[in-house]
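Same order as they appear, the protein sequences are chains A and B.
The end of the first sequence is residue 118 by the working numbering, with every number in the run present.
The end of the second sequence is residue 1597 by the working numbering, with every number in the run present.
Just so you know, even glycine gets a beta-carbon here, dropped at the ideal spot from N, CA and C.
Remember, it's a predicted structure, so these values are computed and weren't measured experimentally.
First up is the structure itself, then whatever we jot down about it.
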Amino acid sequence: MSTPMELIKQKRAEAINRIHSKGYLSTKRVYVGMATCEIAAGSKEVMEVFSQAMKNGLTDVYLSQKGCAGRCNLEPTVEVVEDGKIPVKYCKVTPEMAQLIVERHLKKGEVVKEWLIK
Amino acid sequence: MTRDFVITLCDGPSCMQKKSKELKEAVEKELEKHNLANRVRINISGCLGMCKNGPVVVINPLYTLYGQVTPADIPEIIQSHILKNKPLKRLAIEEDHLYNRFFRVFGDVNFFGKQMRITLRNCGIIDPESLDDYLSVRGYEALAKVLSGMAPQEVVSEVKKSGLRGRGGAGFPTGIKWELTAQQNSDEKFVICNADEGDPGAFMDRSTIEGDPHTVIEGMIIGGYAVGAKKGIIYIRAEYPLAVKRLQKGIAAAKAQGFLGENILGSGFSFDIEIRLGAGAFVCGEETALIHSIEGHRGMPRPRPPFPSVQGLFDKPTLINNVETWANIPVIIIDGAEWFSSIGTQKSKGTKVFALAGKINNTGLVEVPMGTTLKEIIYDIGGGIPNNKKFKAIQTGGPSGGCLSEEYLDTPIDYDSLAKAGSIMGSGGMIVIDEDSCMVNIAKFFLEFTQNESCGKCTPCREGTKRMLEILTRLTEGKGQEGDIEKLERLGNMIKKSSLCGLGQSAPNPVLSTIKNFRVEYEEHIRDKKCRAGACSAMAVYEVTDKCVGCGVCKRACPVKAISGAPKAMHEINQDKCVKCGLCFRNCKFDAIIKKG
Ligand SMILES: Cc1cc2nc3c(=O)[nH]c(=O)nc-3n(C[C@H](O)[C@H](O)[C@H](O)COP(=O)(O)O)c2cc1C
């Protein structure tokens, strides 16, 4: 019989496999804040833009929701994480901005500097 | 600004002593030499909790921690990590603390870099609705560690050794509470998570649950194992629907994976968690009232002892802790009590989450090591006061807390220092007040809340707070009388002494502390009928200055026809008719009307 510790290690390995199979190893990972505060600031609509873009054929991107990181007055926030680069943190994202982040950053790799958290 | 690299230098007290300043100079010099200054950002962080390896330098991307770095090592580090994109193995250290991941993503932003996220380590990092995400960041490993060979006794003593104190407000040593509950002989015991969070403006617990529900669930299972309980209850207000949904989802997922239910991970230990919704009464956050509420009675406190640890829910021994307290447990188990207790001050260990609000540039949730000063939170993390206004006071501890003036800004934040200064840590509300706010009005705001929320059981709390509120209302209306301050003090002290629970015992605090620290303002309200902040509108005096061009806008706006004047001539306000509504002041396009306190 395996010990609880052995079991948890196995479960973790399985969990990581499942996350990978959902596309975690894509070049870019996009996290959209989806806590009560973020949603009140309009993050649901922002999320919708990203998931629609994925449905319309945006590839090599992993999309996930996340909790609140704590910058209330800058919400909604969106992070684009890419291995080997400083994670990019956008603030006060509107659906229109999200559309541009898809076009410029996710598709062309161009960080929209004006919208970053300072 | 994104740059290609960020070099973080730990500026915690221990690293600083070990010369982090010289390191910074060495880094700057080296960047200059290679012409890298605009590709690399230097970031100064708060304590990173790796003091024994200090001074610590972190470079991201290729997230690497370098330990015991001397200025002489800097050229080699920069050569390898930044110029060749290869972390320098020789000085790299392995410190896999649970909180490292947050820093990896957010550490280069000043607001986050100065923080130390233990409780909120996964908030903003993982998908809170995915158990897989939690598992991938070593979730439930603490539970497995406990079940793989730690006796309940050892778990209790680990928590005791960590020095963790309750984050719900009172700061009672968590380990001692656990020990007391564990010692009880009973056929049944309970574990409760207090997620009532009634303080106005506080949202630490909601954020923790919404961002990382499994850490609370895992903490509770470990607590159940340690004290010998089979059943856990999360008491959460119905006003937190998203948090409730994520907890429900989390509990179901944990059950499906065998972390809850019968025979957890094959260890023979069984535990289950149920959610109870509260209707949002402040007093139901008090532990005995909360227990009554779960039992189906009206939420009213009862005298202690017996403490819930001895006689709690359905008269069984009950371990009750706050959300944030629970969220610390997995960290203590994995990273160890010794590491945990290396953070913080002598008597307050670990970190504390604060909800920073009010007149401050960066509002939000901040988590800092105990011992951080109020000044560091307000200016370094909070970014100071907006619009160049002057700092006046900081209110800590919510409606049970107090207001501290400028002279207390260097107070290190821990349970005892804040109490000594005349306020409390409380559950972590922190409201910054600038010169435009009236302290009498602030005190009135908090008292209005507690007065409303008094359950009515104790006469001093029920009636006394009402009388105090009447006096405060009178003061803000410019109808204060000589002796009112003394009356407030007498009533306040009496209510504190003769109320049964913490609500009444602390309700007068905002009033008493503002009288102590801002007595002049009370006196001005009474003697001079004056509010220096100009916030008490009944006492404001509006006057027309010679900037007036006689446009007549104010005259038309005035609802009581108190303003007169010919077109293009300076207007005048009849003070006897004026009702102080401020419409003229707000409508004037020439800033020609001034408001005097
Ligand atoms: C009026 C009143 C309200 C309280 N509200 C809360 C609350 O919302 N959340 C909480 O955790 N503790 C609250 N407490 C403190 C609890 O009584 C209790 O001390 C706490 O749940 C114990 O957990 P801890 O040791 O982990 O802090 C309140 C106390 C009083 C007197």
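Spatial distance of residue i from residue j (CA atoms)
{"i": "residue 1590/B", "j": "residue 1515/B", "result": "38 Å"}
{"i": "residue 74/A", "j": "residue 1206/B", "result": "18 Å"}
{"i": "residue 1062/B", "j": "residue 1452/B", "result": "54 Å"}
{"i": "residue 1596/B", "j": "residue 1365/B", "result": "36 Å"}
{"i": "residue 10/A", "j": "residue 1357/B", "result": "43 Å"}
{"i": "residue 1053/B", "j": "residue 1169/B", "result": "33 Å"}
{"i": "residue 1502/B", "j": "residue 1317/B", "result": "21 Å"}
{"i": "residue 1256/B", "j": "residue 25/A", "result": "26 Å"}
{"i": "residue 1120/B", "j": "residue 1564/B", "result": "59 Å"}
{"i": "residue 1329/B", "j": "residue 1323/B", "result": "10 Å"}
{"i": "residue 118/A", "j": "residue 1363/B", "result": "14 Å"}
{"i": "residue 1294/B", "j": "residue 1276/B", "result": "7 Å"}
{"i": "residue 1139/B", "j": "residue 1215/B", "result": "7 Å"}
{"i": "residue 18/A", "j": "residue 1132/B", "result": "8 Å"}
{"i": "residue 1123/B", "j": "residue 1550/B", "result": "57 Å"}
{"i": "residue 65/A", "j": "residue 1576/B", "result": "59 Å"}
{"i": "residue 72/A", "j": "residue 1184/B", "result": "44 Å"}
{"i": "residue 1112/B", "j": "residue 1194/B", "result": "27 Å"}
{"i": "residue 1222/B", "j": "residue 1058/B", "result": "33 Å"}
{"i": "residue 1359/B", "j": "residue 1382/B", "result": "10 Å"}
{"i": "residue 81/A", "j": "residue 1497/B", "result": "55 Å"}
{"i": "residue 1499/B", "j": "residue 1313/B", "result": "23 Å"}
Identity of the residue in the options nearest residue i by Cα
{"i": "residue 31/A", "options": "1115/B, 1081/B and 1126/B", "result": "1126/B"}
{"i": "residue 69/A", "options": "60/A, 47/A, 37/A and 94/A", "result": "37/A"}
{"i": "residue 1182/B", "options": "1160/B, 1543/B, 1396/B and 1062/B", "result": "1160/B"}
{"i": "residue 1064/B", "options": "1392/B, 1158/B, 1113/B and 1082/B", "result": "1082/B"}
{"i": "residue 1337/B", "options": "1224/B, 1214/B, 1245/B and 1174/B", "result": "1174/B"}
{"i": "residue 1522/B", "options": "1251/B, 1475/B and 1552/B", "result": "1475/B"}
{"i": "residue 1092/B", "options": "1021/B, 1391/B, 1278/B and 1080/B", "result": "1080/B"}
{"i": "residue 1374/B", "options": "1404/B, 1389/B, 1045/B and 1580/B", "result": "1404/B"}
{"i": "residue 5/A", "options": "1141/B, 1113/B and 1051/B", "result": "1141/B"}
{"i": "residue 1055/B", "options": "1302/B, 1574/B and 1069/B", "result": "1069/B"}
{"i": "residue 1137/B", "options": "1116/B, 1113/B and 1099/B", "result": "1099/B"}
{"i": "residue 1102/B", "options": "1579/B, 1467/B and 1367/B", "result": "1367/B"}
{"i": "residue 95/A", "options": "45/A, 81/A and 14/A", "result": "45/A"}
{"i": "residue 1465/B", "options": "1559/B, 1487/B and 1007/B", "result": "1487/B"}
{"i": "residue 1422/B", "options": "1397/B, 1314/B, 1442/B and 1432/B", "result": "1397/B"}
{"i": "residue 1072/B", "options": "1129/B, 1024/B and 1051/B", "result": "1024/B"}
CB-CB length for residue i against residue j, believed under 8 Å
{"i": "residue 960/B", "j": "residue 1400/B", "result": "Nothing can be reported for residue 960/B, as the shown portion of chain B is limited to 1001 through 1597."}
{"i": "residue 1428/B", "j": "residue 1353/B", "result": "5 Å"}
{"i": "residue 1582/B", "j": "residue 1537/B", "result": "6 Å"}
{"i": "residue 1666/B", "j": "residue 1593/B", "result": "For chain B, the structure presents residues 1001 to 1597; residue 1666/B sits outside this window and is missing."}
{"i": "residue 1469/B", "j": "residue 1444/B", "result": "7 Å"}
{"i": "residue 1189/B", "j": "residue 1151/B", "result": "That belief does not hold up - the Cβ atoms of residue 1189/B and residue 1151/B are roughly 17 Å apart, past 8 Å."}
{"i": "residue 1343/B", "j": "residue 1047/B", "result": "7 Å"}
{"i": "residue 1288/B", "j": "residue 1308/B", "result": "7 Å"}
Local Cβ density within 10 Å of residue i, reported as buried at 16 or more and exposed below that
{"i": "residue 1327/B", "result": "buried"}
{"i": "residue 1569/B", "result": "exposed"}
{"i": "residue 1049/B", "result": "buried"}
{"i": "residue 1001/B", "result": "For residue 1001/B, the predicted model reports a pLDDT of 41, less than 50, meaning its position is unreliable and no value from the coordinates is stated."}
{"i": "residue 20/A", "result": "exposed"}
{"i": "residue 1208/B", "result": "buried"}
{"i": "residue 1218/B", "result": "buried"}
{"i": "residue 1282/B", "result": "buried"}
{"i": "residue 78/A", "result": "buried"}
{"i": "residue 1/A", "result": "exposed"}
{"i": "residue 1008/B", "result": "buried"}
Proximity below 8 Å, CB of residue i to CB of residue j
{"i": "residue 1331/B", "j": "residue 1118/B", "result": "yes"}
{"i": "residue 1341/B", "j": "residue 1162/B", "result": "yes"}
{"i": "residue 1032/B", "j": "residue 1074/B", "result": "no"}
{"i": "residue 1192/B", "j": "residue 1235/B", "result": "yes"}
{"i": "residue 1270/B", "j": "residue 3/A", "result": "no"}
{"i": "residue 1507/B", "j": "residue 1461/B", "result": "yes"}
{"i": "residue 1525/B", "j": "residue 1548/B", "result": "no"}
{"i": "residue 102/A", "j": "residue 35/A", "result": "no"}
{"i": "residue 42/A", "j": "residue 76/A", "result": "yes"}
{"i": "residue 1348/B", "j": "residue 1490/B", "result": "no"}
{"i": "residue 1459/B", "j": "residue 1116/B", "result": "no"}
{"i": "residue 1034/B", "j": "residue 1077/B", "result": "no"}
{"i": "residue 1389/B", "j": "residue 1434/B", "result": "yes"}
Distance cut-off 7 Å: residue i Cβ against heavy atoms of ligand 3
{"i": "residue 1516/B", "result": "Ligand 3 is not among the ligands present in this structure, which contains only ligand 1."}
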